[in-house]
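J.: So that we are looking at the same thing, I have put the structure below in structure tokens.
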Amino acid sequence: MDALAPSPAVAPAPAAEPAPKRVELSSLPQEELGRWVAETLGERPFRAKQLYRWMHQKGATSFEEMTDLSKDLRAKLNAKAKLRPVVKDLEQRSTDGTIKYRFRTEDGKLIESVYMPSEDRKTLCVSTQVGCAMACSFCMTGTLGLKRNLTPGEIVGQIHAVNREVRKNEQLDMDRPLTNLVFMGMGEPLHNFENLKKALAILQSQDGPNFSHRHITVSTVGLVPMIERFGAETDVKLAISLNASCDEQRSKMMPVNRKWNIAALMEACRKFPLRQGRRITFEYVLLEGVNDQDEDADRLIALLQDIPAKVNLIPYNENPGLGFHSVIERRAEAFRELLAQGGVAAFIRKNRGRDISAACGQLANQEAQPVQEDPQPSEFP
Ligand code: SAH
152 MDALAPSPAV APAPAAEPAP KRVELSSLPQ EELGRWVAET LGERPFRAKQ LYRWMHQKGA
212 TSFEEMTDLS KDLRAKLNAK AKLRPVVKDL EQRSTDGTIK YRFRTEDGKL IESVYMPSED
272 RKTLCVSTQV GCAMACSFCM TGTLGLKRNL TPGEIVGQIH AVNREVRKNE QLDMDRPLTN
332 LVFMGMGEPL HNFENLKKAL AILQSQDGPN FSHRHITVST VGLVPMIERF GAETDVKLAI
392 SLNASCDEQR SKMMPVNRKW NIAALMEACR KFPLRQGRRI TFEYVLLEGV NDQDEDADRL
452 IALLQDIPAK VNLIPYNENP GLGFHSVIER RAEAFRELLA QGGVAAFIRK NRGRDISAAC
512 GQLANQEAQP VQEDPQPSEF P
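Note that our numbering has the sequence shown beginning at 152, numbered continuously upward.
Spelled out as structure tokens, the structure:
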């Protein structure tokens, strides 16, 4: 070919288009879903509502189930979007009715949710992260380090999945047998705040599971700046994992205390906007010889003096290898009595599901990545 001749007008072969990323629809709060349905599918708002109800009222895990959407629409949804259900992988039943579920995420990560039925409520303990960055020395999840945040769809997916289980096991003919949610599973909820907020918006929506703010509690290790945002941007209840009565103790047990100490934490609690009659719950895991002395009770009373508070004394589930021990029942009762005498309402949390597994977080730790040598992070967000 003549070198001077114009080169053939052949454009370089276009690089193969990367497959468009499918949107995770179960993570979108209702308004966002409405916008997506209008913009991407060109469908009317009532379609978005149908879709939302299928996902968050019925807990559908595939578009195929959504039988009142046309085949055509379901095919379009499959091409452009996905749901992100978590899949039951293992369950352990306790004689007291507690059921511990292990779920597998789409990318093979393991998380735990714990169902705790009682006479007047059916509570689910929900996870917000795979692993946890907080590295509390007594906690099994803390030994994992943070693997990743759960998406809003994976957070609400735990609730949908357990609703399905409860409907089946207890032969209930209602969409949502669960009555209460506590965010006290794996992870630090306020370290995944954006996704937590979206999950709460879904869980509290009328076209979704429609939980009342009075029936949802979020527990935090004490990420002080996030407590303020949590108070301003959500209306659910707050629990603080205090677990110690002075900084020396708390910094050893909970590295977060080196960044925001007890004084900073109490200040955030005093500023927290409490609805009428509401109190902040303080969780206190009783560890033998560590934080269970009379002086600890005295210091706790002083700390909580000017805060509307109640204390949940938690019997420790022993984690083999972590070196902490549970107190005997008599000591827990004496500790509770000391607090009560000092004007602090305290309750000993019933130890649920002791027979199925000693440790919170133990199930999901099995088969997971190897435990890190030194999981103590030096910085917190
Ligand atoms: N990261 C959040 C939520 C998860 S932990 C937080 O720290 O609040 C929820 C509660 O479980 C915490 O109060 C913690 O002190 C407690 N906990 C952790 N490991 C425990 C164990 N082995 N036995 C009993 N309670 C435990």
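Just so it is clear, CB atoms sit at the ideal spot from N, CA and C, and this is done for glycine as well. As the structure is a computational prediction, the values presented were derived from the model and not from experiment.
Apart from the five residues on each side of it in sequence, which residues of its chain come closer than 8 Å, Cβ to Cβ, to E384?
T.: Within the sequence shown, residue 384 is the residue found at index 233, counting from 1. Result list for E384: K348, in chain order.
J.: Thinking C-alpha only, which one of K461, T330, L437 is nearest A390?
T.: One-based indexing of the sequence shown puts residue 390 at position 239. When each option's Cα is compared against that of A390, the closest is K461.
J.: Considering only residues of the segment 165-213, which uninterrupted alpha helix (DSSP H) runs meet the minimum length of 4 residues and lie entirely inside it, listed in chain order?
T.: For the segment 165-213, whole alpha helix (DSSP H) runs of length 4 or above, ordered along the chain, are 181-187, 196-207.
J.: Name the DSSP beta bridge partners of R253, please?
T.: For this step, residue 253 is matched to residue 102 along the sequence shown. Its beta-bridge partners are L241, E263.
J.: Indicate, with yes or no, if the ligand SAH has a heavy atom lying under 6 Å from the CB of N394.
T.: Working through the sequence shown from its first residue, we reach residue 394 at position 243. N394 Cβ: within cutoff of the ligand SAH.
J.: Report the CB separation of L341 from I378 in whole angstroms; it is logged as a contact under 8 Å.
T.: Numbered from its first residue, the sequence shown carries residue 341 at position 190. Numbered from its first residue, the sequence shown carries residue 378 at position 227. About 7 Å separates the two Cβ atoms, so the contact holds.
J.: What do you get for Q427, buried or exposed, if any count of 16 or more other CB atoms within 10 angstroms of its CB means buried?
T.: What you label residue 427 is simply residue 276 of the sequence shown in a count that begins at 1. Q427 is exposed by the Cβ-count criterion.
J.: Exposed or buried, which one is S392 when buried takes at least 16 other CB atoms within 10 Å?
T.: If you number the sequence shown from 1, residue 392 lands on position 241. Buried, by the Cβ-count rule.
J.: Q523: buried (16+ other C-beta within 10 angstroms of its C-beta) or exposed?
T.: Counting from one through the sequence shown, the residue named residue 523 turns up at place 372. With a pLDDT of 41 at Q523, under the threshold of 50, the modelled position of that residue is not reliable, and the figure given next carries that caveat. Exposed is the call here.
J.: Count the other CB atoms within 10 Å of the CB of F254; is the residue buried (16 or more) or exposed (fewer)?
T.: On the sequence shown, position 103 is the one that residue 254 refers to. It counts as buried.
J.: Could you pull the start and end residues of the beta strand (DSSP E) that Q575 belongs to?
T.: This structure cannot settle anything about residue 575, because the visible part of the chain is limited to 152 through 532.
J.: Is it the case that the CB of V372 approaches a heavy atom of the ligand SAH more closely than 6 Å?
T.: For the purposes of this step, residue 372 is identified with residue 221 of the sequence shown, where counting begins at 1. Correct: V372 has its Cβ closer than 6 Å to the ligand SAH.
J.: Sorted by chain position, which residues of the same chain lie with C-beta nearer than 8 Å to L425's C-beta, five sequence neighbours on each side aside?
T.: By one-based count along the sequence shown, residue 425 stands at place 274. Correct list, in chain order: I431, P459.
J.: Could you tell me how far apart the beta carbons of N502 and M291 are, in whole angstroms, since I believe they sit closer than 8 Å?
T.: Within the sequence shown, the letter at position 351 stands for residue 502. Within the sequence shown, the letter at position 140 stands for residue 291. Wrong, their Cβ atoms sit about 16 Å apart, outside the cutoff.
J.: Looking at A448 and L490, is the spacing between their C-beta atoms short of 7 Å?
T.: Numbered from 1 along the sequence shown, position 339 holds the residue referred to as residue 490. Numbered from 1 along the sequence shown, position 297 holds the residue referred to as residue 448. A contact, by the Cβ cut-off of 7 Å.
J.: Using a Cβ-Cβ cut-off of 6 Å (strictly less than) and excluding sequence neighbours within five positions of V476, which residues of its own chain qualify?
T.: The residue given as residue 476 occupies position 325 in the sequence shown. Note that residue 476 is His in the sequence shown here, rather than Val. E439, listed in sequence order.
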